[in-house]
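In the numbering used here, the protein residues as written are 454 to 608.
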């Protein structure tokens, strides 16, 4: 399991919006990396615009490409854990959702696609409103007790 979080923003942020997202990425302890369209594994090709997009991968830390602890949904002993995140999986998922939500708010895209998977496999696609991110994604994690292998189209 590699616990992958990847997706894109459409259209790609320009000008001040681009500066805002780059400044935000450099200010947080979570890693957000630019990737090429060809690295959007298993996202249906018809969902990827031919126009310019801001495609990305999110990892637990800068320079670490996997979201191992952010989405593993395991409970860790807060007294002995050295993962650098809260022991409660819901709290860790909230950290990721805060990042996703903030990126959406500062870029105000037409749409944002984000895949939450345990090995880049997408089993379903769900279209959700930005206002429902926390409710829907937390619900899916509860059902699956881990990454739901879902591609979320956030509008």
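Glycine included, every Cβ here is placed at the ideal spot set by N, Cα and C.
Residue i versus the options, residue with shortest Cα-Cα distance
i, options, result
"residue 604", "514, 488, 493, 505", "493"
"residue 488", "570, 586, 584, 506", "506"
"residue 571", "495, 537, 582", "495"
"residue 588", "560, 563, 554, 458", "554"
"residue 584", "543, 551, 524", "551"
Outcome for residue i when other beta-carbon atoms lying within 10 angstroms are tallied against a minimum of 16
i, result
"residue 515", "exposed"
"residue 558", "exposed"
"residue 463", "buried"
"residue 596", "exposed"
"residue 485", "buried"
"residue 497", "exposed"
"residue 508", "buried"
"residue 483", "buried"
"residue 590", "buried"
"residue 524", "buried"
"residue 460", "buried"
"residue 609", "The structure shown does not extend to residue 609, since the chain is modelled only from 454 through 608, so no value can be given for it."
Beta strand (DSSP E) segment containing residue i, residue limits
i, result
"residue 463", "457-463"
"residue 478", "It is not in any beta strand (DSSP E) - residue 478 instead sits in the alpha helix (DSSP H) that spans 468-480."
"residue 514", "Residue 514 -> no beta strand (DSSP E), and no H or E assigned at all."
"residue 484", "484-487"
7 Å CB neighbourhood of residue i in its chain, flanking five on each side removed
i, result
"residue 594", "526, 546, 601"
"residue 522", "513, 536, 538, 545"
"residue 574", "495, 602"
Cut-off 8 Å between Cβ atoms - residues of its own chain near residue i, not counting five sequence neighbours on either side
i, result
"residue 540", "528, 529, 530, 531, 534"
Sequence-distant residues of its chain with Cβ nearer than 6 Å to residue i (five each side left out)
i, result
"residue 576", "602"
"residue 519", "455, 456, 512"
"residue 565", "462, 557, 607"
"residue 563", "463"
Any non-hydrogen atom of the ligand ATP within 7 Å of residue i CB
i, result
"residue 478", "Although the ligand ATP was asked about, the structure shown includes no ligands whatsoever."
Those runs of the beta strand (DSSP E) which lie wholly inside the segment 533-602 and span at least 3 residues:
Within the segment 533-602, the complete beta strand (DSSP E) segments at least 3 residues long are 564-570, 577-581, listed from N- to C-terminus.
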